[in-house]
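Student: My questions all concern the structure below.
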Ligand SMILES: Cc1cc2nc3c(=O)[nH]c(=O)nc-3n(C[C@H](O)[C@H](O)[C@H](O)COP(=O)(O)OP(=O)(O)OC[C@H]3O[C@@H](n4cnc5c(N)ncnc54)[C@H](O)[C@@H]3O)c2cc1C
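So, in structure tokens, the structure goes:
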């Protein structure tokens, strides 16, 4: 476990923020997560790394959860504070041999976009499409990070996105080629539904990678 | 001066305990079964269940009361959650990670001083320096059964498990050391040796080409069996289906000393629950492994672990687990009702399957298991099996042992000299989870 100094907090909406920390000598594989908490505190939670492998800082994208303990506390952290970082953990990562060879579909709900942001920032040359499911448009966190046409916003509560409806509705209407490598991240209900749809479209669990947040 | 050690939880702690005992005995302490007369008491904690954590607290509170009356040093190691570290430091004199075991004598000499420093440095989840721990020669608790650690930690991040966070990352022990330890155990007459790790079939992978992989390790141990001219069985636990290759199964089939018993945890028979558990494999992969086992080693027995009532498990999803039970016809399944484990990812997910439903699912699955286990056991009747005698059976006048496939056998005999020996037993009757038979001869193991 190491202490990392907070450099800045970027508020993206009234509830969602990015914490940028000093990277020190921390290394990770894009897609992995860390556990994070205030220095010395026993309350810690898992957060996917939002920044790229190549950045000289470490970022996480966090949504303050209603009645949530840690996401609420972390929102109050200030530049100069120290946070304890443990990890990196997890296997939600890209296969080196597939980058540049395969077509990727990244499907996320809410802050599940975080590791995907890290993927595309680390490997901008990849052939990919991002499908991001949110309730309202303002949750399209830093969508300008994705080049034109690579990012499709599905909004379920308003018509402002590229598609009005859930990511799973979009997937059903827009089948994908069966040789696509899929990464699904976020809430497990979306992942279950998307999994069924993808399976019907001929994609099996092997090339479907998942990271369940809750 | 006397010491006492409590090992909670899994075989890994039991195995680590053998090394801890050895270090303490080398300092001149003598073992006592009686905590109350010990001057040094340690506990190898387990964080898998809240019950085990509660036990650590209840023990240390009791021991600390004894301190008013006599000199007593207490220590804790094993699987400790970061959230318990702070509290343990206040309660125990010494807290250390297993990799620091060689330094335990030093800590005992100046207890209370090294500890806070250790805590300040934090627990090392990367698990560096574990090699020093492996150099400690264990003080085995049995004369014929032993566990040989081949790796420490786990990199799999199953959402129901805290091991990656408590024991740190997977680190493989050098193969030469493993083979040497197995060889010396066999030469000393050990008959059942279990290669132990949280995730044995990813053995060697952390060394990225600088170490042999698991099939090769098994081959080296298998060759040892061919060379040593002794009878013994090598087991391993536990493997993860994700890293299980056909090659592992081929090697087991090839070598006599590699026991024809495979423990392959399935956890759930439903692809979506497997996703939620972050197992990183689906039923198709699992099915393919079992088919290979049945094809290459038809005589192998198959054991598994199952969790029922995992967060969100629906009736249909549970039915898929039942289907898996009926498809794979396990000889034994360790079925657990899901309970959120502190420190695991799923701990924060709503535990929405009621205890009654979990109990019902546990019961249904156990009944299914009984049918398959009994069918297999019945097929043993009339045949003769090699049995390693483990001790007295619960029934007076009987001895109990295990076949190579780890089927429980009992037979009429009061000859305690047979404990730790191989005997031939002709099976005469079968029960749900055991068989009974008659001993035929006492065949000394070769050599
Ligand atoms: C591998 C992994 C990676 C994660 N990465 C991120 C990330 O990059 N960004 C992020 O914001 N969160 C992420 N999470 C969720 C995060 O770990 C915490 O669960 C979340 O911040 C809530 O913590 P809390 O202490 O505030 O709430 P708690 O007091 O722990 O509990 C609040 C409840 O909210 C639920 N919950 C958790 N996350 C959400 C959510 N996003 N929306 C609605 N309900 C939720 C939990 O299931 C729980 O029931 C990740 C979780 C996992 C398992």
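Residue numbers (my numbering), protein chains in the order written: chain R, 1201 to 1414; chain U, 489 to 935.
All C-beta atoms in this analysis are idealised placements derived from N, C-alpha and C, irrespective of residue type, glycine included.
Which residue wins for smallest C-alpha separation from residue 558/U, given the options 775/U, 778/U, 853/U and 489/U?
Tutor: Minimum Cα distance to residue 558/U is reached at 489/U.
Student: Closest to residue 1268/R by C-alpha separation, out of 568/U, 837/U and 855/U, would be which residue?
Tutor: When each option's Cα is compared against that of residue 1268/R, the closest is 837/U.
Student: According to DSSP, simplified to helix, strand and coil, what is residue 1205/R?
Tutor: Here residue 1205/R sits in strand by DSSP.
Student: What in chain R is Cβ-close to residue 917/U, meaning under 7 Å?
Tutor: Within 7 Å Cβ-Cβ: nothing; residue 917/U doesn't reach chain R, min ~43 Å.
Student: I believe residue 1367/R touches residue 1388/R by the beta-carbon criterion, under 8 Å. Please report the beta-carbon distance rounded to the nearest angstrom.
Tutor: Rounded, the Cβ-Cβ distance is 14 Å, inconsistent with contact.
Student: Give every residue whose Cβ lies closer than 5 Å to any heavy atom of ligand 1, listed in chain order.
Tutor: Taken from the N-terminal end onward, the list reads 1233/R, 1245/R, 1246/R, 1247/R, 1248/R, 1262/R, 1263/R, 1265/R, 1268/R, 1269/R, 1270/R, 1271/R, 1311/R, 1314/R, 1413/R, 1414/R, 833/U and 836/U.
Student: Going by DSSP in three states, residue 905/U sits in which element: helix, strand or coil?
Tutor: DSSP places residue 905/U in helix when its eight states are reduced to three.
Student: Three-state secondary structure (DSSP) at residue 811/U?
Tutor: In this structure, residue 811/U counts as helix in the three-state DSSP scheme.
Student: With 9 Å as the C-beta to C-beta threshold (strictly closer), list the residues of the region 784–814 of chain U near chain R in chain order.
Tutor: Under the 9 Å Cβ criterion, the region 784–814 of chain U contributes 799 and 800.
Student: Do we get a CB-CB distance below 8 Å when we pair residue 895/U with the residues of chain R?
Tutor: With 8 Å as the cut-off, residue 895/U does not count as an interface residue toward chain R.
Student: Since residue 833/U meets chain R, which of its residues come closer than 7 Å, beta carbon to beta carbon?
Tutor: 1246, listed in chain order.
Student: Could you say which of 835/U, 820/U, 857/U and 842/U lies nearest to residue 894/U if we only look at CA atoms?
Tutor: For the residues 835/U, 820/U, 857/U and 842/U, the minimum Cα distance to residue 894/U belongs to 820/U.
Student: Quick one: any contact between the region 681–698 of chain U and the region 870–885 of chain U, if contact means 3 or more CB pairs under 8 Å?
Tutor: The region 681–698 of chain U vs the region 870–885 of chain U: no contact.
Student: When DSSP labels each residue in this structure, what does residue 1326/R get in the three-state scheme?
Tutor: Of the three classes helix, strand and coil, the one that applies to residue 1326/R here is coil, per DSSP.
Student: For residue 1270/R versus residue 1245/R, is the C-beta spacing smaller than 8 Å?
Tutor: For residue 1270/R and residue 1245/R, yes; Cβs fall inside 8 Å.
Student: So within the region 1292–1373 of chain R, which uninterrupted alpha helix (DSSP H) runs reach at least 4 residues, ignoring any that extend past its ends?
Tutor: Whole alpha helix (DSSP H) segments, 4+ residues: 1314–1322 and 1367–1373.
Student: Take every Cβ of the region 727–737 of chain U, pair it with every Cβ of the region 766–780 of chain U, and state whether three or more of those distances are shorter than 8 Å.
Tutor: Taking 8 Å as the limit for Cβ pairs, the verdict is that the region 766–780 of chain U does touch the region 727–737 of chain U.
Student: Give a yes or no on contact between the region 1386–1402 of chain R and the region 1304–1318 of chain R, applying the rule of three or more CB pairs nearer than 8 Å.
Tutor: Yes: at least three Cβ pairs fall under 8 Å.
Student: Reducing DSSP to helix, strand and coil, say where residue 497/U ends up.
Tutor: DSSP places residue 497/U in coil when its eight states are reduced to three.
Student: Terminal residues of the continuous alpha helix (DSSP H) containing residue 621/U?
Tutor: Looking at the DSSP string, the run of the alpha helix (DSSP H) that includes residue 621/U is 618–622.
Student: Quick one, which of 780/U, 891/U, 718/U and 811/U has its alpha-carbon nearest residue 487/U's?
Tutor: Outside the displayed span of chain U (489 to 935) sits residue 487/U, for which this structure offers no information.
Student: Looking at the structure shown, is residue 721/U part of a helix, part of a strand, or coil, going by DSSP?
Tutor: Note: residue 721/U maps to strand in three-state DSSP.
Student: Threshold first: 3 residues or longer. Then list the beta strand (DSSP E) segments lying entirely within the region 796–844 of chain U, N to C.
Tutor: Here the runs fully enclosed are 820–825.
Student: By the 10 Å Cβ neighbour count, where 16 or more other Cβ atoms means buried, how is residue 539/U classified, buried or exposed?
Tutor: When all chains shown are included, residue 539/U counts as exposed.
Student: Check whether the Cβ of residue 1395/R lies closer than 8 Å to any Cβ atom in chain U.
Tutor: Taking Cβ atoms only, chain U reaches closer than 8 Å to residue 1395/R, which makes this a yes.
Student: In whole angstroms, what separates the C-alpha of residue 1353/R from that of residue 1328/R?
Tutor: Residue 1353/R and residue 1328/R: Cα-Cα distance of roughly 14 Å.
Student: Can you tell me whether residue 646/U is helix, strand or coil according to DSSP?
Tutor: Looking at residue 646/U - three-state DSSP - the assignment turns out to be coil, as it is neither helix nor strand.
Student: Any C-beta of chain U sitting closer than 8 Å to the C-beta of residue 1166/R?
Tutor: In the structure displayed, chain R extends from 1201 to 1414; residue 1166/R sits before or after that span and is not available.
Student: Is the CB-CB distance between residue 1403/R and residue 1382/R below 8 Å?
Tutor: Contact: yes.
Student: At a Cβ threshold of 8 Å, is residue 768/U touching chain R?
Tutor: Cβ-Cβ to chain R under 8 Å: yes for residue 768/U.
Student: Less than 8 Å between CB atoms is the rule here; does residue 828/U satisfy it with respect to chain R?
Tutor: No, residue 828/U lies away from the interface with chain R (no Cβ there is under 8 Å from its Cβ).
Student: Counting contacts by CB-CB distance shorter than 8 Å, is residue 652/U in contact with chain R?
Tutor: It does: the Cβ of residue 652/U has a partner Cβ on chain R nearer than 8 Å.
Student: Who pairs with residue 516/U in a beta bridge, going by DSSP?
Tutor: None; residue 516/U has no bridge partner.
Student: Straight-line CA distance for residue 1228/R to residue 1259/R?
Tutor: Approximately 12 Å between the Cα atoms of the pair.
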